[in-house]
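These notes are about the structure you will find just below.
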Amino acid sequence: MSDAVVVGGGPAGTVLAVLLARRGHRVRVYESRPDLRRVDIDAGRSINLALATRGMVVLDEVGVLDRVDPITVPLRGRLVHAPDGTCELQPYGNTADEVIHSVSRSDLNAILLDAAEEAGAEILFRHRCRQVDLDSGRLRFETPEGDRLVDAEVVYGADGANSEVRRALVEAGDARVRVDELDHGYKELTVPPGPDGAFRLDPHALHIWARESFMLIALPNPGGDFTATLFCAHEGPGASFAALDTPEAVETFFASEFPDLVPHVPDLADQFLAHPTGSLATVRCRGWSHGDRAVVLGDAAHAIVPFHGQGMNAAFESCLVLARHLDDHPDDRAAAFAAFEAERRPDTDAIADMALDNYLEMRSGVIDPRHVLRRRLALELERRFPGRFIPRYAMVMFHTIPYAEVQRRARRQAEILAELTDGVTELDQVDLERAAALVAAYDAENRARTADADWTDIRAGEVARGRITVATDTQGGEGAT
Ligand SMILES: Cc1cc2nc3c(=O)[nH]c(=O)nc-3n(C[C@H](O)[C@H](O)[C@H](O)COP(=O)(O)OP(=O)(O)OC[C@H]3O[C@@H](n4cnc5c(N)ncnc54)[C@H](O)[C@@H]3O)c2cc1C
Numbered sequence: 016m017s018d019a020v021v022v023g024g025g026p027a028g029t030v031l032a033v034l035l036a037r038r039g040h041r042v043r044v045y046e047s048r049p050d051l052r053r054v055d056i057d058a059g060r061s062i063n064l065a066l067a068t069r070g071m072v073v074l075d076e077v078g079v080l081d082r083v084d085p086i087t088v089p090l091r092g093r094l095v096h097a098p099d100g101t102c103e104l105q106p107y108g109n110t111a112d113e114v115i116h117s118v119s120r121s122d123l124n125a126i127l128l129d130a131a132e133e134a135g136a137e138i139l140f141r142h143r144c145r146q147v148d149l150d151s152g153r154l155r156f157e158t159p160e161g162d163r164l165v166d167a168e169v170v171y172g173a174d175g176a177n178s179e180v181r182r183a184l185v186e187a188g189d190a191r192v193r194v195d196e197l198d199h200g201y202k203e204l205t206v207p208p209g210p211d212g213a214f215r216l217d218p219h220a221l222h223i224w225a226r227e228s229f230m231l232i233a234l235p236n237p238g239g240d241f242t243a244t245l246f247c248a249h250e251g252p253g254a255s256f257a258a259l260d261t262p263e264a265v266e267t268f269f270a271s272e273f274p275d276l277v278p279h280v281p282d283l284a285d286q287f288l289a290h291p292t293g294s295l296a297t298v299r300c301r302g303w304s305h306g307d308r309a310v311v312l313g314d315a316a317h318a319i320v321p322f323h324g325q326g327m328n329a330a331f332e333s334c335l336v337l338a339r340h341l342d343d344h345p346d347d348r349a350a351a352f353a354a355f356e357a358e359r360r361p362d363t364d365a366i367a368d369m370a371l372d373n374y375l376e377m378r379s380g381v382i383d384p385r386h387v388l389r390r391r392l393a394l395e396l397e398r399r400f401p402g403r404f405i406p407r408y409a410m411v412m413f414h415t416i417p418y419a420e421v422q423r424r425a426r427r428q429a430e431i432l433a434e435l436t437d438g439v440t441e442l443d444q445v446d447l448e449r450a451a452a453l454v455a456a457y458d459a460e461n462r463a464r465t466a467d468a469d470w471t472d473i474r475a476g477e478v479a480r481g482r483i484t485v486a487t488d489t490q491g492g493e494g495a496t
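According to the working numbering, the sequence shown is numbered sequentially starting from 16.
Listed below in structure tokens is the structure:
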């Protein structure tokens with residue numbers, strides 16, 4: 016069993032630490048920040064996150080799903096706020112289990128730090144990795160007491176999108192990296208609880224103000240507050256962070272674009288001008304490892320934009336895939352690392368693309384009648400042909416079908432939906448006989464292609480039911496659309 020150093024104690028580093036420690040490795044996790052269980056620190060970005068089925072499967076494997084339940088709020092769909100203040104719920108799925116879970120980033124991280132320690136990992140905080148020598152396995156950490164040198168047999172880089180371990184892989188000639196910065200950024204605002212501690216907006220929906228070139232979303236936290244996030248261009252004459260630089264500009268913009276939110280955030284302009292503007296990027300890396308010495312995973316290997324709520328879920332899944340390859344190659348770690356990337360990179364490339372696509376869906380698709388019709392038809396086809404037609408969103412969020420397979424299926428499904436809605440404005444005008452024939456052919460293609468596949472599809476209900484709370488007032492399907 017190896018002497019493993021994990022750099023980074025975020026979602027990926029902590030889950031990996033549990034999986035390695037349970038397999039008998041000596042595990043030390045080095046985290047640059049203080050211990051967030053003891054010191055109240057700003058998590059740095061996105062206060063809450065959407066947890067999806069594939070992430071929950073991993074949390075179940077790690078043994079913390081029951082502990083996570085109290086810090087989540089289930090969301091049954093998107094509540095789309097029109098400029099005139101009216102709202103429309105667009106359900107995420109067809110069943111009560113098909114909900115996403117809003118979870119506090121720092122509370123979840125705290126649970127995972129506990130789990131890593133319980134599994135036997137040692138966690139050292141305030142240790143910022145500054146250098147990795149891949150040949151000797153020596154790492155240099157900056158600490159409040161000065162620099163510290165640490166020797167490792169194997170280095171797991173779970174140190175996020177600006178990974179120091181990845182930088183060492185690049186310098187050694189193992190990795191090639193492309194960072195695609197998005198020209199849109201984000202800013203978070205807190206919508207406080209109402210006077211009696213109650214939620215000011217429906218707590219069981221993801222609120223979305225889609226305005227085509229920008230959008231605002233709000234996710235609830237268990238304490239009664241919401242985290243609202245504005246996504247818009249960094250620069251430009253219209254809605255841009257550069258243009259929103261005075262209290263008057265901020266107040267005018269919010270009053271005209273999000274009038275129904277304004278009364279709920281009394282200190283809106285103060286928050287807006289005080290909070291940092293975050294950047295978003297996709298990191299595409301080729302060459303995740305250096306022999307049997309080092310490997311990167313999570314955002315360090317595959318950071319994506321947040322519009323499908325999948326970065327952390329994907330990071331969790333990558334930990335499980337890596338652990339499986341280590342099990343499959345007990346005497347050849349280099350082969351395990353290579354097999355891990357060979358299996359996983361097509362999937363992380365696919366979710367990177369789908370996450371970018373979903374920005375368009377969120378900021379303009381949800382208010383485009385043709386898109387809304389296709390989405391309603393997708394849910395209808397799933398009701399009529401269960402298991403044979405699964406809407407793309409559900410395949411990503413409520414199933415564990417590998418992302419690359421989801422992407423392939425989603426492309427074919429988009430063709431089917433386009434054909435069935437051609438010249439149609441209402442769901443009841445769709446030719447259902449034609450739909451049955453198209454779905455039968457599509458299903459046969461899928462079965463033929465995946466006959467020998469070694470993955471299994473775990474659905475939302477299979478992991479959630481009885482383990483994690485779903486909204487009791489969930490109304491899936493037609494009635495709620
Ligand atoms: C606005 C926004 C919203 C998001 N929403 C969602 C969502 O809804 N659902 C979802 O699944 N994902 C979401 N994500 C993505 C998610 O945050 C990341 O994919 C996830 O945190 C990746 O986990 P990680 O452990 O790989 O990296 P990180 O979370 O970045 O963790 C890396 C850890 O390493 C530490 N570290 C960094 N550098 C060093 C160093 N040199 N030495 C030592 N330690 C170091 C950091 O302090 C941190 O603790 C969102 C991201 C953003 C920006």
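We put the CB at the ideal spot given by N, CA and C, even for glycine. Bear in mind the structure is a predicted one, so any value in this text is a computation, not a measurement.
Helix, strand or coil for residue i, going by three-state DSSP, please let me know.
i      : result
THR415 : coil
ARG149 : According to the sequence shown, residue 149 is Leu rather than Arg. Three-state result, LEU149: coil.
GLY92  : strand
ASN63  : strand
MET230 : strand
VAL33  : helix
GLU250 : coil
SER255 : strand
ASP282 : coil
LEU204 : strand
ALA173 : coil
VAL478 : helix
GLY39  : coil
TYR45  : strand
GLY23  : coil
MET301 : What sits at residue 301 in the sequence shown is Arg, not Met. It is a strand residue.
PHE268 : helix
PHE404 : coil
GLU420 : helix
What span of residues does the beta strand (DSSP E) with residue i cover, start to end?
i      : result
LEU276 : Run containing LEU276: none; DSSP gives neither H nor E here.
GLU2   : Examination of residue 2 is not possible in this model, given that the chain is present from 16 through 496 alone.
GLY161 : 161–166
TYR457 : Note, TYR457: premise wrong, no beta strand (DSSP E); alpha helix (DSSP H) at 447–464.
GLN105 : 102–106
ARG191 : 191–196
HIS222 : 221–225
ALA309 : 309–311
Quick check: does the Cβ of residue i come within less than 7 Å of any heavy atom belonging to ligand 1?
i      : result
ARG143 : yes
LEU154 : no
ALA315 : yes
ASN236 : no
GLY161 : no
VAL22  : yes
GLY92  : no
ALA48  : Looking at the sequence itself, residue 48 is Arg, so the reference to Ala does not match. Yes, since a heavy atom of ligand 1 falls inside the 7 Å radius drawn around the Cβ of ARG48.
GLY324 : yes
MET412 : no
GLY175 : yes
PRO26  : yes
MET327 : yes
GLY64  : Sequence inspection shows Leu at residue 64; the Gly mentioned does not correspond to that position. Correct: LEU64 has its Cβ closer than 7 Å to ligand 1.
GLU196 : no
The alpha helix (DSSP H) with residue i in it runs from where to where?
i      : result
HIS340 : 326–343
PRO321 : Premise fails: PRO321 is in no alpha helix (DSSP H) and is neither H nor E.
VAL72  : 68–77
PHE400 : It is not in any alpha helix (DSSP H) - PHE400 carries neither H nor E in the DSSP assignment.
THR440 : THR440 -> no alpha helix (DSSP H), and no H or E assigned at all.
LEU371 : 348–378
PRO126 : Reading the sequence as shown, one finds Ile at residue 126 and not Pro. That run of the alpha helix (DSSP H) goes 120–133.
GLU179 : 179–186
VAL83  : 80–83
Answer yes or no: the CB of residue i versus the heavy atoms of ligand 3, is any distance below 7 Å?
i      : result
THR244 : This structure lacks ligand 3; its bound ligands are ligand 1.
Quiz item: Three or more beta-carbon pairs under 8 Å between the stretch 204–219 and the stretch 237–251, yes or no?
Solution: Judged by pairs of C-beta atoms under 8 Å, the stretch 204–219 touches the stretch 237–251, as three or more such pairs exist.
Practice problem: Mind the definition here: the stretch 167–183 touches the stretch 113–120 only if three or more C-beta pairs lie below 8 Å; say whether that holds. | Solution: Because the criterion of three Cβ pairs below 8 Å is not met, the stretch 167–183 and the stretch 113–120 do not touch.
Quiz item: Do three or more CB pairs link the stretch 91–107 to the stretch 367–387 at distances below 8 Å?
Solution: Yes: the two stretches touch, three or more of their Cβ pairs being nearer than 8 Å.
Practice problem: Report yes or no: do three or more beta-carbon pairs, one from the stretch 299–319 and one from the stretch 21–36, lie closer than 8 Å? | Solution: Short answer: they touch.
Quiz prompt | the stretch 322–339 / the stretch 181–194 touching (three or more Cβ pairs under 8 Å) | solution = No, the stretch 322–339 is not in contact with the stretch 181–194.
Quiz prompt | Contact between the stretch 44–53 and the stretch 452–461 (3+ Cβ pairs under 8 Å) | solution = Judged by Cβ distances under 8 Å, the stretch 44–53 makes no contact with the stretch 452–461, as fewer than three pairs qualify.
Quiz item: Are at least three pairs of beta-carbons, each pair with one atom in the stretch 133–142 and one in the stretch 154–165, less than 8 Å apart?
Solution: Yes: the two stretches touch, three or more of their Cβ pairs being nearer than 8 Å.
Quiz prompt | Inter-stretch contact at 8 Å, needing at least 3 Cβ pairs: the stretch 21–28 / the stretch 39–46 | solution = Yes, they touch.
Quiz item: Can we say the stretch 69–88 touches the stretch 363–378, given the rule of at least three CB pairs closer than 8 Å?
Solution: No contact exists between the stretch 69–88 and the stretch 363–378.
Quiz prompt | Stretch pair the stretch 431–449 + the stretch 471–478: three plus CB contacts closer than 8 Å | solution = No: the two stretches stay apart, fewer than three of their Cβ pairs being nearer than 8 Å.
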